[in-house]
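S.K.:
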Amino acid sequence: MPATSNSSNNSGSQSNSTVSILEDYQKNFLDLAMESNALRFSKSSDEDFKLKSGRLSPYFFNLGLFSTGKLLSNLATSYSISIITNSRDQKLPEFDIIFGPAYKGIPLCAIVCAKLAEIGGSKFEKISYSFNRKEKKDHGEGGSIVGASLKGKRILIIDDVMTAGTAINEAFEIIKAEGGEVVGTIIALDRQEIVNSESGMSATQLVSERYSIPVISIVNLGNIIKYLDGKLTGDEKQRVEQYRATYGA
Numbered sequence: 001m002p003a004t005s006n007s008s009n010n011s012g013s014q015s016n017s018t019v020s021i022l023e024d025y026q027k028n029f030l031d032l033a034m035e036s037n038a039l040r041f042s043k044s045s046d047e048d049f050k051l052k053s054g055r056l057s058p059y060f061f062n063l064g065l066f067s068t069g070k071l072l073s074n075l076a077t078s079y080s081i082s083i084i085t086n087s088r089d090q091k092l093p094e095f096d097i098i099f100g101p102a103y104k105g106i107p108l109c110a111i112v113c114a115k116l117a118e119i120g121g122s123k124f125e126k127i128s129y130s131f132n133r134k135e136k137k138d139h140g141e142g143g144s145i146v147g148a149s150l151k152g153k154r155i156l157i158i159d160d161v162m163t164a165g166t167a168i169n170e171a172f173e174i175i176k177a178e179g180g181e182v183v184g185t186i187i188a189l190d191r192q193e194i195v196n197s198e199s200g201m202s203a204t205q206l207v208s209e210r211y212s213i214p215v216i217s218i219v220n221l222g223n224i225i226k227y228l229d230g231k232l233t234g235d236e237k238q239r240v241e242q243y244r245a246t247y248g249a
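In terms of UniProt numbering, the sequence shown opens at residue 1 and continues consecutively.
(1) Determine the closest residue to I83 out of N62, M34, C113, with distance taken between C-alpha atoms.
(2) Whole angstroms are fine: how far does the CA of G234 sit from the CA of N223?
(3) Looking only at C-alpha atoms, which of E35, K153, G121, C109 sits nearest to L71?
(4) My parser needs the alpha helix (DSSP H) runs of 4 or more residues fully inside the region 8-83; what are they?
(5) Evaluate T77 with the Cβ neighbour count: other Cβ atoms within 10 Å of its Cβ, from every protein chain shown; 16 or more gives buried, anything less gives exposed.
(6) For the region 86-96 against the region 200-220, do three or more pairs of beta-carbon atoms, one drawn from each stretch, fall closer than 8 Å, so that the two count as touching?
(7) What is the DSSP secondary structure of A217, reduced to helix, strand or coil?
(8) To the nearest angstrom, how far is the alpha carbon of I174 from that of A164?
(9) Check whether the Cβ atoms of L189 and F61 sit closer than 8 Å, and answer yes or no.
(10) Would you kindly work out how many angstroms separate the C-alpha atoms of R244 and I218, rounded to a whole number?
(11) Going by beta-carbon coordinates alone, are I225 and V182 separated by less than 8 Å?
(12) Cα separation between R133 and G230?
(13) Based on the DSSP secondary-structure assignment, which residues constitute the bridge partners of E193?
(14) Starting from the Cα of R55, find the closest Cα among M201, N196, N220 and give me that residue.
(15) Which word fits I119, buried or exposed, when buried means at least 16 other C-beta atoms lie within 10 angstroms of its C-beta?
(16) With DSSP as the reference, identify every bridge partner of E181, one or two as the case may be.
(17) Using only the alpha-carbon positions, how far apart do S44 and P58 sit?
(18) Between A110, V240, R40, which has its C-alpha nearest S128's C-alpha?
(19) By the three-class DSSP mapping on this structure, what secondary structure does S199 have?
(20) Does the Cβ-Cβ distance between P107 and A167 come in under 8 Å?
(21) Thinking just about the alpha-carbon of each residue, which of V161, K115, G180 is nearest to the one in G69?
(22) DSSP state of G121, grouped into three classes?
(23) Could you tell me the distance, in whole angstroms, from the CA atom of E198 to the CA atom of Q238?
(24) Measuring CA to CA, which of R191, E125, V207, E23 is closest to I157?
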């Protein structure tokens, strides 16, 4: 399958001028994100959220707040439907293992592996999961990998949000050292904003181009803006749109 140079969700790559189509599973995911306070919006510029990049953002996403059994089950369903949909549409190659980079990726790879086996049919029943330890274990079985062996396997990396691509780059090195081949990455949210003015590209676009793999997401910023119709005040939504106009890739 040819690699794509842009990140995408099931609706394909989104540009800033494209009206995003919101699928049912994406709407359900955003409903849960709002209800759990995982997706928050500031009421004014004075309350904007400071990101790792130093930018002040009118919205913030914290996947760690999907912390109950019900929320985790629904989160796994959202990831799984995105994987199934993109696989069906040939935007995601076949894979053998879901790999979760420590630490946030650890629960994600396990719950999504289980949910795929539950709802994905025979194609996904034998998918395995693996994750890395931050420090190598020097006793027992040893090593830095927990779960299925990566050697000779096709790997899908799973994470929450890609900011600069650092965690994904580190995961690539780990997987390469273990003899695996990365064939794609899935994240919950693609912020669709440029990493820096020099590249003019988002982290997902840079990773996709660097490694020649698809980077898919459950939702992206375009989906969020579509979802916000009637849910925020005009001023709140305008500030999100202005943020995209300033930093959008």
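Cβ atoms here follow ideal geometry from the backbone N, Cα and C, with glycine treated the same way.
M.R.: To lay it out plainly:
(1) C113
(2) 17 Å
(3) E35
(4) 24-35
(5) buried
(6) yes
(7) The question names Ala, but residue 217 is Ser in the sequence shown. Strand, per DSSP.
(8) 18 Å
(9) yes
(10) 18 Å
(11) no
(12) 44 Å
(13) G248
(14) N196
(15) exposed
(16) R154
(17) 8 Å
(18) A110
(19) coil
(20) no
(21) K115
(22) coil
(23) 26 Å
(24) V207
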